Structure formats: C-alpha cells, structure tokens
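Protein chains in written order, with the numbering used here: chain B, 1 to 373; chain Y, 1001 to 1159.
To keep things clear, I will list the structure first and then write my remarks on it.
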Amino acid sequence: MAELEKIEASDRVYSLNLGPQHPSTHGVLRIVLDLDGEYIIKADPVIGYGHRGHEKMGENRPYKQFLPNTSRMDYLSGMLFNHGFVLAVEKLVGIKVPERAKYIRVIASELNRISSHLLWFGTYLMDLGGFTPFLYAFDDREQILDILDSITGSRLTYSYCRFGGVSRDVDLKFIEMTRAFLKRMEKRWADYDSLVTKNVIFIHRTRDVGVIDRELARQYGVTGPNLRACGVAFDVRRSEPYEVYDRLDFEIPTGTKGDALDRYDVRFKEMQQSCRIIDQALDQLPEGEFLTPKVPQKLGPPKGEVYTAFESARGLTAYYMVSDGSPGPYRCHIRVPSFGNLNALNDVLPGTLVADAISILGSIDVVIPEIDR
Amino acid sequence: MGYFKDIIDGGLSLIEGMGVTARRLFQPLITVQYPRKKIPLSSAYRGHIELKIFEETGTHKCIVCLNCEKTCPSGVIRVQGEKQKEKGPKTLTGYVIDFSKCSLCGLCVEICPTSTLEYSREYELVGDTGADCVFDLMLRLAKQVEQREEKKKTQGIAA
Ligand code: SF4
Ligand code: SF4
C-alpha cells in the first residue's frame, strides 16, 4: 500500500475513462481509472446513465400496469424480475396461486437463469479475447429463447406472470422442447469444458484475478454467484424457499477463493443445477388451473408493507412496497444485486492491470440498466 | 521440469478445445439467412394489437367501453366512438395506436370484455419517422375485410 501511495503522489498518474461507450462495459457504465503505466491505482464506477425512473413509475400507476416495467430492469433475466414482482404483490394482497402455475413459473424462471448465464458466459469469454465460445453459447441460448417465445410470445421482455398465475398455459410442445433442450445441454457441458474450462490461456487469465473475499463481500453486500464463489452457500432459493423450491432437489455450488475462475465455476455449475431443477419440475408438473380466476381487475390491498426477496441470475433481488390502500403502491423500492457487486470493484481493481480490469468486470456479471433503473 | 510440463499440458488443452470446433465443422449449419429465409413465428407471438374479425358479423365487436385505453400503461391507444341514436350503445369510429410507445404487455388484449383485440403477426415494421409507427386499426380492419371478401369471391368463382 505504501508503494501505491508513493505512485499516487507522483505526476505520472493518468486518468482514463473506461466507458460509458465501451463494448466491454456491458451497458452504459463508466469507470474512472487512475493509472500508473498499466497498473490501476484507483477505480471509481460512475452509474446513472440509463436512469429511467422505474421506481417512480411504479408509484404512479396501479400494480398491474407496472408488470411490463419489471422485465425491463434486468433485461437478461426479465422472467425472474417479473416473477419476483408478482410474488410480492400476491403476498401483499393475499392471492392464492394454483400449484400448476407455481411449477410453470419455476420452470420458466430457471430457463431464464440459464439463458442469462449463457449470455454472460459468451460475452465474458469475448472480453477475454475468445470469440468461438460466444457463438456456441448463443446457439444454446437461442434454444431457450425459442422455448420461452413459444409460451410468452416474446424473447426478452416476457411480462408473463400474472397475479395469481401466468398469462398462458404450457402445452405438450413446450414440455417436449424443454426436454429436448435438457438432453442437448448434457452433451454441451462437456464441450464447454474442453473448449473453455480446461483451456490454459483461460485459466491463466482468471486464476487469482480479482479476488473478492468473504469480508469484502459482506461489506459491499455482494450476493449471488459472486458471493457463493468465496465459499458462502447463500441462495434465497434455499434459505427462504419460495414457490416450490423446497420440493426440488438441487445443490448450491460454491467456490473457495473468490477469484474470477471460481465465479466462472460457480455459474457454470449453476446452469447444470438449473437443468436439474427444470427436469424435476417437469416430472412433478401437476394438472390444473394456470391462473386463479378470482383476481379482481383493480387490486385494493390493505394498508401495510411487503418485502419479498428472490434469487435473480445475479443475486439477491427484492421488492419493497408500501401500500396505503390505493390501487398502486405508495412506495416501490427494488433492491438489485448488481449495485453491490459492482461497487466491490472500488476495492478489487486497485493494484491490477487494465487488461485484468476487463476480466474482473466481466466476471462479476453486472447488468447496468438494473442498477440505473 | 514444471515449465515443460506446463507447456505440454497447455498445448494439449488447446488441441482438445480445437477438437470441439473441428467436430462442429461437420454438423449442419444453424445460421438462417434472413431475409431470404424466415423462421416461422411462434403461436404465441405478440405483435402490435389489431381488431379481430368475427366470422358471424364479418367485423369487430368493440363496444367502446374504453377499458383498453384506460388500462394501457404507456398511453398507446386512442379510441373514438359516437352515439348513432339518441339512446343506445356507441359505435366505434376511430381506433389509433402509437406502436412506438407500446410495451407489448398484452394488458389491453386481456381486459377487453368482447375479446375483440388480438396480436397481429407482423414484425417488419421499420419506418423513417415516428409517424410511421402510428397505425389506424379501423383502416387496417377495412382492408382486411376487403381482402377477405375478394378471396371469398375468387374462391366462389373457382368453385
Ligand atoms: S400491449 Fe400494453 S402497451 Fe401495448 S397497447 Fe396494449 S396495453 Fe398498451
Ligand atoms: S376494451 Fe375492447 S371493447 Fe372496450 S374499447 Fe377497447 S377494444 Fe373496444
């Protein structure tokens, strides 16, 4: 540290704007880097370029009209955000959800989680300079988008969940497509292993790079795969099971060191676990209604507040809403995981190379519109 | 010793990776050459909304209740109706949507009491100005009705 301070005092310090229009910042993120040669002395992420006022929008309209907004915050896991919002409102109003709808939601959410991780997988390796895996990952992701398209009618902004169920039932074709996808992925994991996980260049660029240890993770509120990579097996699906996650058997993959390689490993294994969850959920999928018919058009929840946490692809996400009895929330706040994950960079980046900064930024998998919202 | 082992192990890992791409070389192409080839749309596809034509009446069933206009989160829909007689229901005279603002949530389709709204299956909707995204659904409906009648006529002649 003393060495770093000496450098800071010298006039060799060079300020570099990484972003906001840089392909490797995944969205409109700017990081102000103070450099000494190729080494980073200070890093300061600047956020807010894509602020659209989603929370405020939530407050000036009825609950139902906020549904389309939810999939536009984290556009890579729109289904999960959508799912979380209906969970919160159902808890607030007290709506019962049919069993079949619960399973459909879980299947759709896990599919979305895999697609989000696959996109991260592709773009992360592209950040590191490997173009081929990107194409493979997008091929697989395309299968998921097709499956979700067949039930929701949309590829990214699903807006599929409704209070008390989902907007459209799944049919046999959907189940067939999903089973075929699971079967296909069994082979693909091995391909990815030989293509990337064992690749010597990849290992050298990620091992011991960007270590986020437990203490740092705790200080910044890092959650999701980034937290699990440092050995803390915290997952909302396990610690506070919602929907039917308590009936499904899955593991929570963890790492040891919390470096970029561990984060990669955790996400990679998580995709396989999601496949397991989908497989079981398809087996258990009961017959019945997919939407409760008794939900009124205008919701009038009692006065009170609700806080519902769920596990999105990037970590612990939560909706906090205060109701004053009117058809819309008085206060609508969303806790997003990327905010904590990104700010850990303040402490992780100093002392590393610029090239590693790209690797680290990619490995923590942030979605900027979710932070700016 | 470790140095050479690293080189050999690393080299092998690269060759293994290349094996995956080499195998891929002999698998069928997955690229679809749009616009020469097109993928069929899914049955649930959500395009912009349009008025449905009902077989029994040959037109829409809109009763100008304005539910869709009120529920739309983005303020896309403008419905106009007129009373033709002193008493009695309104009839639809204008239905205009500004598709550039539509979030394709489907709330309007779900709330319509007569189920007269549906998603169109059009997706090639590029325009030069914002005005190109404003659709007059009554005009669209009239065209569709015309087309249907012509089709019926030609079919009738053929039969
Ligand atoms: S789909 Fe949603 S945004 Fe579009 S017109 Fe209907 S209600 Fe409005
Ligand atoms: S909700 Fe249906 S019936 Fe009512 S105005 Fe809209 S299109 Fe017409």
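Note that beta-carbon positions come from the ideal geometry of N, C-alpha and C, so glycine has one too.
Just so you know, these numbers come straight off a predicted model, no measurement behind them.
Three-state secondary structure assigned by DSSP to residue i
{"i": "B:Phe174", "result": "helix"}
{"i": "B:Leu35", "result": "strand"}
{"i": "B:Met429", "result": "Residue 429 of chain B is absent from the structure shown; chain B starts at 1 and stops at 373."}
{"i": "B:Glu370", "result": "helix"}
{"i": "B:Gln297", "result": "coil"}
{"i": "B:Pro275", "result": "Sequence check: residue 275 of chain B is Cys here, not Pro. Note: B:Cys275 maps to helix in three-state DSSP."}
{"i": "B:Ser15", "result": "strand"}
{"i": "B:Gly165", "result": "strand"}
{"i": "Y:Gln1080", "result": "strand"}
{"i": "B:Val28", "result": "coil"}
{"i": "Y:Ile945", "result": "Outside the shown range of chain Y (1001 to 1159) lies residue 945 of chain Y, about which nothing can therefore be said."}
{"i": "Y:Ser1043", "result": "coil"}
{"i": "Y:Val1096", "result": "strand"}
{"i": "B:His333", "result": "strand"}
{"i": "B:Leu285", "result": "coil"}
{"i": "Y:Leu1137", "result": "helix"}
{"i": "B:Pro253", "result": "coil"}
{"i": "B:Asp246", "result": "helix"}
{"i": "Y:Glu1050", "result": "strand"}
{"i": "B:Glu240", "result": "coil"}
{"i": "B:Ser323", "result": "strand"}
{"i": "B:Val374", "result": "It is not possible to answer for residue 374 of chain B, since the shown part of chain B is limited to 1 through 373."}
Residue environment, residue i, which counts as buried when at least 16 other CB atoms sit within 10 Å
{"i": "Y:Leu1139", "result": "exposed"}
{"i": "B:Met177", "result": "buried"}
{"i": "B:Ser150", "result": "buried"}
{"i": "Y:Leu1029", "result": "exposed"}
{"i": "B:Tyr330", "result": "exposed"}
{"i": "B:Asp140", "result": "buried"}
{"i": "B:Gly210", "result": "buried"}
{"i": "B:Ser109", "result": "buried"}
{"i": "B:Asp365", "result": "buried"}
{"i": "B:Met1", "result": "Low confidence applies here, because B:Met1 scores a pLDDT of 49, under 50, leaving its location unreliable and the question unanswered by this model."}
{"i": "B:Asp283", "result": "exposed"}
{"i": "B:Arg218", "result": "exposed"}
{"i": "B:Ala180", "result": "exposed"}
{"i": "Y:Leu1025", "result": "exposed"}
{"i": "B:Arg184", "result": "exposed"}
{"i": "B:Ile214", "result": "Here the sequence assigns Arg to residue 214 of chain B, which means Ile is not the residue at that position. Exposed."}
{"i": "Y:Met1018", "result": "exposed"}
{"i": "B:Arg52", "result": "exposed"}
{"i": "Y:Ile1008", "result": "exposed"}
{"i": "B:Tyr103", "result": "buried"}
{"i": "B:Gly340", "result": "buried"}
{"i": "B:His26", "result": "buried"}
{"i": "Y:Pro1113", "result": "exposed"}
{"i": "B:Asp262", "result": "buried"}
Proximal residues to residue i (C-beta, below 8 angstroms), its chain only, five neighbours per side dropped
{"i": "Y:Glu1054", "result": "Per the sequence presented here, residue 1054 of chain Y reads as Phe, with Glu not at that position. His1060, Lys1061 and Thr1116, listed in sequence order."}
{"i": "Y:Glu1082", "result": "Lys1090, Thr1091 and Thr1093"}
{"i": "B:Lys303", "result": "Ser323, Asp324 and Gly325"}
{"i": "B:Asp249", "result": "Arg276 and Gln280"}
Beta-carbon contacts of residue i that lie in its chain and below 6 angstroms, excluding the five residues immediately before and after
{"i": "Y:Asn1067", "result": "Ile1111"}
{"i": "B:Gly362", "result": "Tyr124 and Asp127"}
{"i": "Y:Val1109", "result": "Leu1117"}
{"i": "B:Phe121", "result": "Ala137"}
{"i": "B:Ser77", "result": "Asn112, Ser116, Ser312 and Ala313"}
Own chain partners of residue i with C-beta closer than 7 angstroms, once the 5 adjacent residues on each side are dropped
{"i": "B:Gly48", "result": "Asp372"}
{"i": "Y:Cys1105", "result": "Pro1073"}
{"i": "B:Tyr319", "result": "Gly84, Phe85, Ala88, Thr308 and Ile334"}
{"i": "B:Leu353", "result": "Glu38 and Tyr39"}
{"i": "B:Arg188", "result": "Asp140"}
{"i": "B:Pro20", "result": "Val28, Leu29, Arg30 and Tyr49"}
{"i": "B:Ile332", "result": "Going by the sequence as given, residue 332 of chain B is Cys instead of Ile. If we look at B:Cys332 and ignore the five residues flanking it on each side, its Cβ neighbours are Glu55, Gly58, Glu59 and Met321."}
{"i": "B:Tyr14", "result": "Leu35"}
Segment contact flag, the stretch 227-246 of chain B with the stretch 59-79 of chain B, C-beta cutoff 8 angstroms, min 3 pairs:
no
Would you check if the stretch 307-319 of chain B and the stretch 236-247 of chain B touch, i.e. whether three or more CB-CB distances between them fall below 8 angstroms?
yes
Cβ contact (3+ pairs, closer than 8 angstroms) linking the stretch 275-286 of chain B and the stretch 57-66 of chain B
With a cut-off of 8 angstroms, the stretch 57-66 of chain B and the stretch 275-286 of chain B do not count as touching, because too few Cβ pairs lie within range.
Does the contact criterion of 3 or more C-beta pairs under 8 angstroms hold for the stretch 110-118 of chain B versus the stretch 129-146 of chain B?
The stretch 110-118 of chain B makes contact with the stretch 129-146 of chain B: 3 or more CB pairs, one atom from each, lie closer than 8 angstroms.
Would you call the stretch 1003-1019 of chain Y in contact with the stretch 190-197 of chain B, where contact means no fewer than 3 C-beta pairs closer than 8 angstroms?
yes
Pairing CB atoms from the stretch 38-46 of chain B with CB atoms from the stretch 342-351 of chain B, are three or more of them under 8 angstroms?
In this structure the stretch 38-46 of chain B lies against the stretch 342-351 of chain B, because at least three pairs of beta carbons, one per stretch, are closer than 8 angstroms.
Would the stretch 156-168 of chain B and the stretch 288-299 of chain B be scored as touching if the rule is three or more Cβ pairs under 8 angstroms?
yes
So, does the stretch 1033-1050 of chain Y touch the stretch 87-106 of chain B, judging by three or more C-beta pairs under 8 angstroms?
no
Any contact of the stretch 263-274 of chain B with the stretch 285-294 of chain B, i.e. 3+ C-beta pairs under 8 angstroms?
no
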